[in-house]
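*Asks:*
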Amino acid sequence: MKNKNSLLKKITGSREASLVIVLVVLLVVISIMSPSFLSPTNIGQIFRNNALTLLMALGMLCVMLTSGIDISITSTLAFTGMTIGLLQKYDVIHNTLLLFVIGTLIGLICGTINGLIIAKGKVAPIICTMGFMYVWRGMAYVISNNNWASGADVAGFSDFGKDGSVGPYIILTVAYIVFFIVMKWTKFGRSIYAVGSNAEAARISGINVDRTIISAYSIMGMLAGLAGVLSVSIYASAQPNMQYGKEMDVIAACVIGGVSMSGGRGSVVGTFLGAVIIAVIAKALPLVGIDAIAQNLVKGAIILFVVVLNVITQRTMDKQALMRREM
Amino acid sequence: MKKKLFSALLCATMVVGLLAGCGGGSSSSQGGDASAAGGDSSAHTYAIVTKSAGNPYNEREAAGFKEVIEASGGNCVVQNPESATADAQISVIQSLISQGVDSIAIAANDSNALASVCQEALDAGIKVLTLDSDVNTAVRASFCNQAGVQEVGQALIDAVYDICGGEGQYAILSATSQATNQNAWIDAMKSVQESDEKYSKLELVEVAYGDDEPQKSTDQTQALLTNYPELKCICAPTTVGIAAAAKVLQDQKSSVKLTGLGLPSEMKEYIGADDAHSCPYMFLWNPIDLGKLAAYASIALVDGTITGAVGDTFEAGDMENSPYTLSAVAGDESASEIILGPPFKFDPDNIEEWAAVY
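Chains A and B are the protein sequences, given in the same order. Residue numbers 13 to 339, in the working numbering, belong to the letters of the first sequence in order. Residue numbers 398 to 755, in the working numbering, belong to the letters of the second sequence in order.
What follows is the structure in structure tokens.
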């Protein structure tokens, strides 16, 4: 009995564990409704189709840990993607690796500008990134000049993200492993958590707060740029309105994953699970036969349910910690 | 002190800029008034409002419109709202009304939401017509229809029939569930299918909505393939959807084939008769011609050649089907429309040539 109790405590006491349970329940329900859901091809498609959300969620984790937010990411993505598409359309560059480097650099620059204004100019993150949300999206429209880059323009380059290619999976795996290590075991990782929990304390203990914040936004921008290149490769199409409004999916992935909006709290594993839950929902809704017009409704309901569950878990965790301390 | 001086200078610059802007604006509107009073037909101002900026289809439409207007000596105003919503179009149309243009041709993003602003334009004496996608018929003179709804439905169902080999399952991948055009075409496909015994062995298994987003269209296409292993053909009557579906099918080397409505330049990669290509053939019309037709109709409305009544006729320069006659809209005999022509088929033989055009 006691054993069972402690197992229950363990489950309700760890956010990641409760997310795993939510994910398993989701998968079981979906598999019953659509038996082929867990086939290897389908699982591959889940990760490939949502590679952009999965990738950008890592950057959003960094930003949210510093108690910030970045809503300009899909605009950065569109600007980068459009640039990459046009570079190929007008036959300037066709080297896949070079295109990835250029895209990532553009994203890095966009993100660093965000970070500089937020850290040095003390502008509220949501305001600053809202401005850039319009600026980069507008830039994407301006440079596109009413043209799209499509299948034939990006032929060759799109092989990297093609269905069946391992490219997107490699990028995702490497990104998650690197972030897991950095956030857990490096000084930089710890300073991000420190800045988010208590900026003043972090400053006093010798952490360069401004630099940490700038780095967080730079990383976010870099990943958004990388996601822009990847998007062009996966969908073989660059349009200025690409991924419009999808920054909310990225934020939702983090929130579901237990990343706190007020900073200092969240993990790479949680973010991964949150993003996978979002990905599974996106993939499953058309498969299980929910009417197209009701799909957003169901998606929102599931997100709310998981977040509420999260809050309850968090509270239980805090209570348990408090109880331990009192004992 | 330096800072103060700097901000004072900045303010001064802005004020001067504003004044200059106003000055420019008023002088140009004066010019417009003067010419209107003189009754010089060549100096009329014709506006076109497309669905949104940053879309090659809309851009070609506006280009065709502009070409005809400028060749006739009129002034052309092209407005691309920043997003494909009715709200964005309403503010654009309101600014055109206050500019006092002579006609506005609108590719409507919403048939009902634009009704009141169109009425405002009519009240201000502006000729209102639509192209590509219609508004409520009471608030516009006529509608330049890219292809008759019935003809599009017929062409699409015949393509499905042909690709499926006369029998089997097919699915439709549409844009949004509220898209006026797509819904009309899908309804037409269904009614053609019901009306003729020939199509009785075809089964429409699902209408999926990709919301004209590559990612969602990809998800939806893959879901169709998973849910219906017997599927033979997907019909996507929307340019974003068809390109996304084409890529999914081609990447997976699926035996499922695709047809629908797509931009040749977007679809070049996927059109071919062999198994390596996912789309044997598809349809569309020429957006440049649609823009031109709207321009000729605008000119005819402004100079009084047509009023928008059914049976009116006007010349449209060197266009293929000129002169055009206004026909009655199906289901609403008092409202008129101008049909550009039958949908145009793009197959492996002509795709290269058209991909270079649009």
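Glycine is no exception: its CB is placed at the ideal position from the N, C-alpha and C atoms.
Which whole-angstrom value describes the C-beta separation of B:Leu570 and B:Ser614, a residue pair presumed to lie in contact below a C-beta threshold of 8 Å?
*Replies:* The Cβ separation is near 6 Å, so the contact holds.
*Asks:* Using C-beta distances below 8 Å, list every residue in its chain close to A:Leu99, excluding the 5 sequence neighbours before and after it, in chain order.
*Replies:* So the list reads Ile105, Leu111, Ile114, once near-sequence residues are dropped.
*Asks:* Please classify A:Met258 as buried or exposed, where buried requires at least 16 other C-beta atoms within 10 Å of its C-beta.
*Replies:* It is worth fixing the name first, because residue 258 of chain A is Lys in this sequence and not Met. Under this definition A:Lys258 is a buried residue.
*Asks:* Is the Cβ of B:Gln612 closer than 9 Å to any Cβ of chain A?
*Replies:* B:Gln612 counts as touching chain A.
*Asks:* With C-beta atoms as the reference, is A:Thr88 less than 9 Å away from A:Trp160?
*Replies:* In this structure, A:Trp160 does not lie closer than 9 Å to A:Thr88 by Cβ.
*Asks:* Please decide whether A:Gln326 counts as near chain B, where near means a Cβ-Cβ distance under 9 Å.
*Replies:* Not one chain B Cβ lies under 9 Å of A:Gln326.
*Asks:* Indicate whether the contact test is met: 3 or more Cβ pairs, each with one atom in the region 243-257 of chain A and one in the region 130-139 of chain A, closer than 8 Å.
*Replies:* At 8 Å Cβ cutoff, the stretches do not touch.
*Asks:* Could you work out which residues of chain B lie near A:Ser43, taking near to mean beta carbons separated by less than 7 Å?
*Replies:* Those do not exist, as A:Ser43 stays about 12 Å from chain B at its closest Cβ, beyond 7 Å.
*Asks:* Quick one: Cα of B:Cys630 to Cα of B:Gly638, how far?
*Replies:* Looking at the two C-alpha atoms, the distance is approximately 14 Å.
*Asks:* Run down chain B in chain order and give the residues with a C-beta less than 7 Å from the C-beta of A:Gly176.
*Replies:* Those are Asp648, listed as they occur along chain B.
*Asks:* Whose Cβ in chain C lies nearer than 7 Å to the Cβ of B:Pro453?
*Replies:* Of the protein chains in this structure, namely A and B, none is chain C.
*Asks:* Mind pulling the chain A residues with CB within less than 7 Å of B:Glu666?
*Replies:* Chain A residues near B:Glu666: Gly163, Ala164, Ala167.
*Asks:* Buried or exposed: which applies to B:Trp582, given that a residue is buried once 16 or more other Cβ atoms fall within 10 Å of its Cβ?
*Replies:* Buried, because 16 or more other Cβ atoms sit within 10 Å of the Cβ of B:Trp582.
*Asks:* Check the Cβ-Cβ distances between B:Asn580 and every residue of chain A, and say whether any is below 9 Å.
*Replies:* It does not: the Cβ of B:Asn580 has no partner Cβ on chain A nearer than 9 Å.
*Asks:* Can you tell me whether A:Thr185 is helix, strand or coil according to DSSP?
*Replies:* Three-state result, A:Thr185: helix.
*Asks:* Using 9 Å as the limit for Cβ to Cβ distance, is A:Met254 near chain B?
*Replies:* So yes, A:Met254 belongs to the interface.
*Asks:* Smallest Cα separation from A:Val292: which of A:Gly276, A:Ala265, A:Leu309?
*Replies:* With distances taken between Cα atoms, A:Val292 lies closest to A:Ala265.
*Asks:* What is the rounded straight-line gap between the Cα of B:Lys742 and the Cα of B:Val557?
*Replies:* Taking the straight line joining both Cα atoms gives about 14 Å.
*Asks:* Please say whether B:Thr442 and B:Asp484 have beta carbons closer to each other than 9 Å?
*Replies:* No, the pair does not count as a contact, with Cβ atoms beyond the cut-off.
*Asks:* With a CB to CB cut of under 8 Å and the five nearest residues on each side skipped, what residues in its chain are close to B:Ser588?
*Replies:* So the list reads Gly550, once near-sequence residues are dropped.
*Asks:* Could you check whether B:Asp671 and B:Ser652 sit closer than 9 Å to each other, using their CB atoms as the reference points?
*Replies:* No.
*Asks:* Could you please give the first and the last residue of the uninterrupted alpha helix (DSSP H) stretch that includes B:Tyr356?
*Replies:* Any question about residue 356 of chain B goes unanswered here, given that chain B covers just 398 to 755.
*Asks:* Here's the rule I'm using: 16 or more other beta-carbon atoms within 10 Å means buried, otherwise exposed. How should A:Trp197 be labelled?
*Replies:* A:Trp197 comes out exposed.
*Asks:* Do you know how far the Cα of A:Phe191 is from the Cα of A:Ile324?
*Replies:* Approximately 27 Å between the Cα atoms of the pair.
*Asks:* To the nearest angstrom, report how far apart A:Pro298 and B:Val707 are at their CA atoms.
*Replies:* Between A:Pro298 and B:Val707, the C-alpha separation is close to 44 Å.
*Asks:* Measure the C-alpha to C-alpha separation of B:Lys650 and A:Lys174 and round it to an integer number of angstroms.
*Replies:* C-alpha separation (whole angstroms): 12 Å.
*Asks:* At least one CB of chain A closer than 9 Å to the CB of B:Asp744: is that the case?
*Replies:* Not an interface residue.
*Asks:* Measuring CA to CA, which of A:Gly276, A:Val281, A:Leu321, A:Asn308 is closest to A:Met76?
*Replies:* Of the listed residues, the one whose Cα sits closest to A:Met76 is A:Gly276.
*Asks:* A:Leu110 lies in the alpha helix (DSSP H); which residues open and close that run?
*Replies:* From DSSP, the alpha helix (DSSP H) with A:Leu110 extends over 108-132.
*Asks:* At which residue ranges does the region 173-251 of chain A contain complete alpha helix (DSSP H) runs of 4 or more residues, listed in the order of the chain?
*Replies:* Complete alpha helix (DSSP H) runs here, min 4: 179-197, 199-209, 211-216, 221-247.
*Asks:* List the residues of chain A whose Cβ lies closer than 8 Å to the Cβ of B:Gln590, in chain order.
*Replies:* Simply none; closest approach about 21 Å.
*Asks:* Using 8 Å as the threshold, is the region 201-212 of chain A in touch with the region 301-311 of chain A, meaning 3 or more CB pairs across them?
*Replies:* With a cut-off of 8 Å, the region 301-311 of chain A and the region 201-212 of chain A do not count as touching, because too few Cβ pairs lie within range.
*Asks:* Please confirm if B:Lys644 has its CB atom under 9 Å from at least one CB of chain A.
*Replies:* Yes, B:Lys644 lies at the interface with chain A (some Cβ there is under 9 Å from its Cβ).
*Asks:* If you reduce the DSSP assignment to three classes, tell me which class B:Thr636 lands in.
*Replies:* Here B:Thr636 sits in helix by DSSP.
*Asks:* Starting from the C-beta of A:Arg60, find all residues in its chain whose C-beta is less than 6 Å away, skip the five residues before and the five after it, and write them out in chain order.
*Replies:* Excluding residues within five positions, the ones whose Cβ falls inside 6 Å are Pro180.
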